[in-house]
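These protein sequences, in sequence, are chains W and V.
For the first sequence, the positions run 1 to 273 when this note's numbering is used.
For the second sequence, the positions run 1 to 212 when this note's numbering is used.
C-beta atoms are modelled at their ideal positions from N, C-alpha and C, and glycine is treated no differently.
Remember, predicted model here, so these are calculated numbers, not experimental data.
One structure is given below, encoded as structure tokens.
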Amino acid sequence: MKFTFIDRRWIFLLILLGVGLPLIIPLGFKLEVSPDAQMVYDVIQSTNENRLVIVSFDYDPASKPELHPMGYAIIKHAIEKKHKVVCTALWPMGSQMADEIFHNLQKEMPELIYGENFINLGYKVGGMVTIQAMGKDMRNVYPKDASGKSIDDYPMLNNMKTIKDFAYVVSLSAGTPGLKDWIMVAKDKYGVSVLGGATAVSTPAFKPYVNDQKQLNGLLGGLKNAAEYEYLVGRKGTATAGMDAQSVAHLLIIAFIVLGNIAFFLNYKKVKE
Amino acid sequence: MINLWTSVGIWLGALSTLAIWSFLYKDNPFYKIAEQIFVGVSAAYWLVYTIYNILIPNLFSKLIADPKGNWVYYIPGVLGLMMVLRVIPKFEKASFYPLSLLIGTTAGISLLRFLKSDVLAQTTATMLNPFANANIAVMIGQIIIIIGTITGLIYFYFSKKHQGFVGVNARIGIIFLMISFGASFGYTVMARISLLIGRLQFLFGDWLHLIK
Numbered sequence: 001m002k003f004t005f006i007d008r009r010w011i012f013l014l015i016l017l018g019v020g021l022p023l024i025i026p027l028g029f030k031l032e033v034s035p036d037a038q039m040v041y042d043v044i045q046s047t048n049e050n051r052l053v054i055v056s057f058d059y060d061p062a063s064k065p066e067l068h069p070m071g072y073a074i075i076k077h078a079i080e081k082k083h084k085v086v087c088t089a090l091w092p093m094g095s096q097m098a099d100e101i102f103h104n105l106q107k108e109m110p111e112l113i114y115g116e117n118f119i120n121l122g123y124k125v126g127g128m129v130t131i132q133a134m135g136k137d138m139r140n141v142y143p144k145d146a147s148g149k150s151i152d153d154y155p156m157l158n159n160m161k162t163i164k165d166f167a168y169v170v171s172l173s174a175g176t177p178g179l180k181d182w183i184m185v186a187k188d189k190y191g192v193s194v195l196g197g198a199t200a201v202s203t204p205a206f207k208p209y210v211n212d213q214k215q216l217n218g219l220l221g222g223l224k225n226a227a228e229y230e231y232l233v234g235r236k237g238t239a240t241a242g243m244d245a246q247s248v249a250h251l252l253i254i255a256f257i258v259l260g261n262i263a264f265f266l267n268y269k270k271v272k273e
Numbered sequence: 001m002i003n004l005w006t007s008v009g010i011w012l013g014a015l016s017t018l019a020i021w022s023f024l025y026k027d028n029p030f031y032k033i034a035e036q037i038f039v040g041v042s043a044a045y046w047l048v049y050t051i052y053n054i055l056i057p058n059l060f061s062k063l064i065a066d067p068k069g070n071w072v073y074y075i076p077g078v079l080g081l082m083m084v085l086r087v088i089p090k091f092e093k094a095s096f097y098p099l100s101l102l103i104g105t106t107a108g109i110s111l112l113r114f115l116k117s118d119v120l121a122q123t124t125a126t127m128l129n130p131f132a133n134a135n136i137a138v139m140i141g142q143i144i145i146i147i148g149t150i151t152g153l154i155y156f157y158f159s160k161k162h163q164g165f166v167g168v169n170a171r172i173g174i175i176f177l178m179i180s181f182g183a184s185f186g187y188t189v190m191a192r193i194s195l196l197i198g199r200l201q202f203l204f205g206d207w208l209h210l211i212k
């Protein structure tokens, strides 16, 4: 059958058009909020004002399209709820990711002020061991912020002693070290609520932690949940803009799978005969 | 107004993206150039990053500031040097000691954490009473969790031949496994398409200004 010998480059071209065109001409597909995104939203929404919270940037530019929109939406939500956002990074380039979000978000949120309700403590090597050390003495782990200034100069951190002083931790995670380390130490050892933002590839591995034991208090997985969170906080960002393209691409791939299977079975029947 | 260097960066990013994508048509010199540049720049970036963000703040600055008070930092310093000796075949064995220390401590630290989070907490999370729920959807979900966990474990029980009762449960287990593989594949597709969307948003937005 001719169909089974189609040049794969036609498929690449169709995917490129399927993803590219909806970005230029949005189709306006409806977006519904899933319980996963709602869980994360509810935890942040119900946390009291002036509480310290950690947003850990455990990714680099390779995972930016999926995790960056989550970072924007979550920090926007936390600042609106008057939480004091402390950014950390278990990945070396995570610190730059946090800086980029801060500078872009500051343009639309004048109330976001470095050192008053937002601080970037930068990258620390060590993964799980670093989080364990945060449970003993946070000030010893982070004596300075990412710019090299002593944390004693920031009054927002006066009450910060250990990780237990934080209302919740959000790990935007692209792999190891990342969300799993926060679950194992921050939640299972120190009892701090942990929320996750994971790439779609790693989301199935984290789903079992959203359980009765509340090892994870909420999980955003991939671009779809990022778009849902943008919807919840009323910020149309890159995730929302990308959802039409994502949907068209998924429909195309489903069509390819169906056609491929039909062709396979027809061919199989022919060979058998 | 975008400054000159930002424009240069955007053009370099856009042309590199197109060069890498050109491999989808067929292997060509543009792809090879972009690939080699990526490998070289990555290696140089990580070397400089490691020196300035790990070695200097965590080791050198502490030893320079107070060599006597921070004497304990000589230990990781020496262990690090021993690890680097790997590149000299004559002293290669010196790297075995820091390596064994690293493996031993990592295993020790991880064992307790994995035991608690992945074994005890996960097992406890499957010890459910589904009939205690008023919500029928939650009840069905919990029954599926229990059946999926038990039959999945039976599939991985190899001390008895998969026949009869064990065989039936192992077959149910493999159905659950197949569904989970399918879900993982779906998520992987979503992830890869998301990356393509990210690149196209850069090309259409930052480079060509076709979208806001």
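Bounds of any alpha helix (DSSP H) do not take in isoleucine 119 (chain W); it lies within the beta strand (DSSP E) bounded by 118-123. Residue environment analysis places aspartate 244 (chain W) among the buried positions, since at least 16 neighbouring C-beta atoms fall within 10 angstroms of its C-beta. Interface flag for glycine 198 (chain V) against chain W is set, since a Cβ pair is found closer than 8 Å. Distances from the CA of serine 46 (chain W) to each of W:Tyr168, W:Leu14, W:Leu259, W:Lys161 were compared; the closest alpha carbon is that of W:Tyr168.
Excluding five sequence positions before and after glycine 237 (chain W), the CB atoms of its chain that fall closer than 6 Å to its own CB belong to Pro69, Tyr72, Glu230, given in chain order. Boundaries for leucine 220 (chain W): no alpha helix (DSSP H) harbours it, while the beta strand (DSSP E) harbouring it runs 218-221, taken from the DSSP string. In this structure, the alpha-carbon of phenylalanine 265 (chain W) lies about 10 Å from that of valine 271 (chain W). With the rule of 3 Cβ pairs closer than 8 Å, the segment 57-69 of chain W does not count as touching the segment 155-169 of chain W.
For serine 184 (chain V), a Cβ of chain W is located within less than 8 Å of the residue's own Cβ. Here DSSP, grouped into helix, strand and coil, assigns glycine 71 (chain W) to helix.
For proline 35 (chain W), no CB of chain V lies under 8 Å from its own CB, so it is not counted at the interface with that chain. Rounded to whole angstroms, the Cβ separation of isoleucine 54 (chain V) and valine 125 (chain W) is 5 Å, and the two are in contact under 8 Å.
Taking 8 Å as the upper bound for CB-CB distance, isoleucine 145 (chain V) and leucine 120 (chain V) are not in contact here, some 17 Å apart. Nearest in C-alpha terms to serine 95 (chain V), of all of V:Leu79, V:Ile109, V:Ala191, is V:Leu79. Counting every other CB atom within 10 Å of its CB across the protein chains shown gives arginine 9 (chain W) a total below 16, marking it as exposed.
Restricting attention to W:Glu80, W:Gly20, W:Pro26, W:Lys224, the CA atom closest to the CA of glutamate 32 (chain W) is found in W:Lys224. Taken atom to atom, the span from the alpha-carbon of arginine 235 (chain W) to that of leucine 172 (chain W) is near 18 Å. Proximity of chain V to aspartate 188 (chain W) at the Cβ level (cut-off 8 Å) is accounted for by Arg113, Lys116, Ser117, Ala121, in chain order.
Comparing C-alpha distances from glutamate 66 (chain W) to each of V:Leu203, V:Gly205, V:Ile197 shows the shortest one belongs to V:Ile197. Assignment of tyrosine 154 (chain W) by DSSP, reduced to helix, strand and coil, places it in the coil class. At least one beta carbon of chain W lies nearer than 8 Å to the beta carbon of valine 189 (chain V).
Residue pairing for tyrosine 114 (chain W): DSSP places it in a beta bridge opposite W:Phe118.
Contact residues of the segment 48-77 of chain V toward chain W are Tyr49, Thr50, Asn53, Ile54, Pro57, Asn58 (C-beta to C-beta distance below 9 Å). The beta carbon of tyrosine 73 (chain V) sits closer than 7 Å to those of Leu59, Lys62, Leu63, all from its chain and outside the five residues before and after it, given in chain order. In this structure, the straight-line span from the alpha carbon of alanine 198 (chain W) to that of asparagine 120 (chain W) is close to 21 Å. Contact between threonine 149 (chain V) and threonine 124 (chain V) is ruled out by a C-beta separation of about 12 Å, above the 8 Å threshold.
For phenylalanine 204 (chain V), the C-beta contacts it makes with chain W under 9 Å involve Gly20, Leu23, Ile24, in order along the chain. Close to chain V, meaning a Cβ-Cβ distance shorter than 8 Å, are the following residues of the segment 220-232 of chain W: Gly221, Gly222, Leu223, Lys224. Every unbroken stretch of the alpha helix (DSSP H) spanning 4 or more residues and falling wholly within the segment 130-192 of chain W is given here in chain order: 138-141.
By alpha-carbon distance to threonine 88 (chain W), the top candidate from W:Ala78, W:Glu111, W:Gly122 is W:Gly122. Using a Cβ-Cβ cut-off of 7 Å, leucine 128 (chain V) is close to Asp212 of chain W, given in chain order. Shown here, phenylalanine 204 (chain V) sits in a helix according to DSSP, grouped into three states. For lysine 81 (chain W) and leucine 111 (chain V), the gap between their C-alpha atoms comes out near 38 Å.
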